[in-house]
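Asks: Per numbering that gives the first Met the number 0, the sequence shown runs over residues 0 to 527.
In this text, a Cβ means the ideal position worked out from N, Cα and C, and glycines have one as well.
A single structure is presented below for examination.
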Amino acid sequence: MLPILTLAVPPLMGAIIGYVTNYVAIRMLFRPLRAWRALGFRLPLTPGVIPSQRMQLAENMGAMVGEHLLTGQDVRRALMERGFQQELRQVVAGRLTALFQRDLGPLASLIPDRFQTSFQAGVDILRWRFLKHLHGHLSSPEVRDQVGAAITAYLEHWLNQPLHQRLAQEHLDGLITFMEKSLANLLASPSTTTWVHDQMHEGLKGLLVEKRSLRELLPEDFTDLLLNRIEQATPDLLAKLADLLQEPAIQAKIARALGNAAINFVSSLGPVAGLLGGFLKPETIAGKILGFLQRPDNDLARLLLDDTVQERLAALLRDQAAQFLDRPTGALLTELGPDNLEKLGDGLAGQATALLGKPGTASLLAGLCRDELQKRTGLPLREVLAGLVGEAHLARGAAWISDETVAMVGSATTKRLLDRLLTGLVEEKLLSRPLGPLADFLPKAVLAGIEDFLLKQTSDLLEREVPGLLDAINVRRIVTRKVDSLDLLRLEGLLLSIMQEQFKYINLFGALLGFIIGCANLLFLPMP
């Protein structure tokens with residue numbers, strides 16, 4: 000038993016000593032935390048290695064991190080990695096979405112309260128300066144020339160377009176309806192009646208001194224038509240006259256008229272009138288004539304229907320009408336006398352006024368205007384207006400429109416209007432109305448472009464500036480200061496959490512080494 004114990008004790012004691020020695024050595028890295036003193040002298044190896052060399056440890060760790068672990072080039076490469084770029088895109092997209100989808104209130108509500116007075120003053124100043132420059136610009140010769148040229152070009156384009164493009168069918172119908180109502184009111188008005196009366200009498204007075212005949216005044220086609228119609232109507236007139244002669248009442252009137260005419264003729268014979276008046280009475284003559292007319296075999300009706308008689312009478316009436324047309328117009332009217340001439344003027348004026356006042360007259364005139372406009376709808380508007388007012392008046396009208404428009408643009412009234420419009424726009428539209436989400440104002444393509452732009456700018460900024468910022472903030476110094484300021488127990492726990500497993504194997508290795516040394520010592524023990 001004793002020899003076995005003698006052989007086992009050295010290795011076991013070597014293992015225990017090796018394990019305890021390593022354990023104490025590891026503990027002395029951190030403990031004691033402060034220096035121990037005895038009789039005023041500091042004991043060696045106090046405090047522990049790490050507490051006593053904490054500053055050097057901090058400096059070494061700072062140098063390691065700042066110069067080898069976290070360099071600008073390392074950060075630049077990390078920023079360019081695909082994973083970081085995707086994460087950065089998500090961050091940028093999320094922030095932009097939150098910003099653009101935010102329901103914004105009025106512009107003034109976005110300004111902090113302490114800046115509201117300055118903001119309103121700035122708005123007023125900007126509006127005043129803008130209006131000042133705008134007023135000066137509108138009054139400048141350059142703007143006047145540009146506006147005049149623009150108006151002239153627009154009028155030229157407008158006048159060169161076909162009428163049907165500028166005047167739709169419904170507008171044409173409305174124009175004709177308006178013209179018809181206006182013409183009806185105009186033609187039936189007292190002023191038109193007075194005008195027609197005055198014009199008719201003035202015309203008749205002018206004809207009193209007219210030396211030309213009616214044939215010369217009237218169109219040749221009209222006079223030929225009139226003479227031909229007289230000649231053609233003569234047979235019909237004679238036929239109607241023959242029919243009238245068969246009526247008893249007409250026969251009685253003719254008999255009385257012829258009897259009175261015979262008595263008047265006898266009375267004009269002088270002394271013979273007394274001789275003939277004794278046996279020629281009006282009643283006797285009328286009775287004889289009436290008896291002749293009532294006889295069935297009288298030849299008067301057949302005489303009127305005879306072709307030769309009709310031709311000769313037609314020629315006679317045509318000659319008389321031709322002689323009437325060849326007489327001077329003034330002489331014809333003079334024979335009427337002043338009273339009859341006045342009555343003629345009143346009658347003609349009355350007939351003309353009655354004709355103009357009929358509802359159908361206005362409709363007829365409006366229809367004629369409609370037909371004429373329909374024929375011209377394919378013509379350029381310039382040609383239609385030139386036909387109405389003349390090319391010179393049309394040019395003056397276009398120039399007047401251009402000049403008036405230019406004057407209106409630079410007038411004080413227009414400037415006041417612009418002031419009111421701009422003030423209303425700023426106060427009611429821009430400052431008072433809620434803005435809503437910014438995404439409503441921007442197309443999706445623009446939003447995507449903004450996202451790509453911000454991503455690129457942010458990535459470039461990080462790549463360009465972060466390495467310099469690392470150098471500027473001095474990572475080494477920060478790590479050194481941070482490590483040096485750590486609590487010793489916390490630093491001990493941090494290091495032990497990293498090297499706990501390794502320390503355990505170091506202790507076991509010390510025990511193994513002591514065991515081997517103990518076994519080696521057995522070689523030097525004396526043998527019994």
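1. Let me know the alpha helix (DSSP H) ranges lying completely inside the segment 351 to 436, each 4 residues or longer, listed in chain order.
2. How far does the alpha helix (DSSP H) with F99 in it extend, from its first residue to its last?
3. In this structure, does DSSP put L103 in helix, strand or coil?
4. Please report whether the beta-carbon of T333 lies at a distance below 7 Å from any beta-carbon of chain C.
5. Shortest alpha-carbon distance to L225 belongs to which of R317, E201, S181?
6. Start and end of the alpha helix (DSSP H) containing W35?
7. So, using beta-carbon positions, are Y18 and A510 closer together than 7 Å?
8. Would you identify the three-state DSSP class for S117, choosing helix, strand or coil?
9. Using the Cα positions of E341 and P189, report the straight-line distance between them to the nearest angstrom.
10. F514 and G13 look like a contact to me (Cβ under 8 Å); what is the Cβ gap, rounded to whole Å?
11. Please go through the segment 192 to 217 and give each complete alpha helix (DSSP H) segment of 4 or more residues, from N-terminal end onward.
12. Which partner residues of P161 appear in the DSSP bridge assignment?
13. For S212, is the classification buried or exposed, using 16 other Cβ atoms within 10 angstroms of its Cβ as the cut-off for buried?
14. So the candidates are A92, I15, A187; which of them puts its Cα closest to the Cα of Q100?
15. Look up P189 in the DSSP assignment and say whether it is helix, strand or coil.
16. What did DSSP end up calling P111 once you bin it into helix, strand or coil?
17. Judging by CA-CA distance, which residue of T328, V465, Q373 is the nearest neighbour of E169?
18. Can you tell me whether I150 is buried or exposed? The criterion is at least 16 other CB atoms within 10 Å of its CB, across all chains shown.
19. By the three-class DSSP mapping on this structure, what secondary structure does P442 have?
20. Are the beta-carbon atoms belonging to A348 and M178 less than 7 Å from one another?
21. I16 to I3, Cα distance in whole Å?
22. Would you grab the beta carbon distance between R395 and L324 for me? Rounded to a whole angstrom, and I think it's under 8 Å.
23. Using 8 Å as the threshold, is the segment 458 to 477 in touch with the segment 69 to 84, meaning 3 or more CB pairs across them?
Replies: According to the data block:
1. You should have 358 to 375, 380 to 388, 390 to 408, 411 to 423.
2. Taken as a continuous stretch (DSSP letters only), the alpha helix (DSSP H) holding F99 covers 81 to 99.
3. Per DSSP, reduced to three states, the secondary structure at L103 is strand.
4. No chain C appears in this structure, which consists of one protein chain only.
5. L225 has its Cα closest to that of R317, out of R317, E201, S181.
6. That residue, W35, is in no alpha helix (DSSP H); it is neither H nor E in DSSP.
7. In this structure, A510 lies closer than 7 Å to Y18 by Cβ.
8. Three-state DSSP puts S117 in a helix.
9. Taking the straight line from one Cα to the other gives about 20 Å.
10. Taking the Cβ atoms as the reference, F514 lies roughly 5 Å from G13, within the contact range of under 8 Å.
11. Fully enclosed alpha helix (DSSP H) runs of 4 or longer: 213 to 216.
12. Looking at the DSSP assignment, P161 forms a beta bridge with P379.
13. Buried is the label assigned to S212, since at least 16 other Cβ atoms lie within 10 Å of its Cβ.
14. Residue A92 is the option with its Cα nearest to Q100.
15. Correct three-state label for P189: helix.
16. Coil at P111, not helix or strand.
17. Closest option to E169, Cα to Cα, is Q373.
18. By the 10 Å Cβ count, I150 comes out buried.
19. P442 falls in the coil class under three-state DSSP.
20. No, they are not a contact pair.
21. Rounded to the nearest angstrom, the two C-alpha atoms are 20 Å apart.
22. Not quite, the Cβ-Cβ distance comes to about 46 Å (not below 8 Å), so this is no contact.
23. By the C-beta criterion, the segment 458 to 477 is judged to be in contact with the segment 69 to 84, since at least 3 inter-stretch pairs fall below 8 Å.
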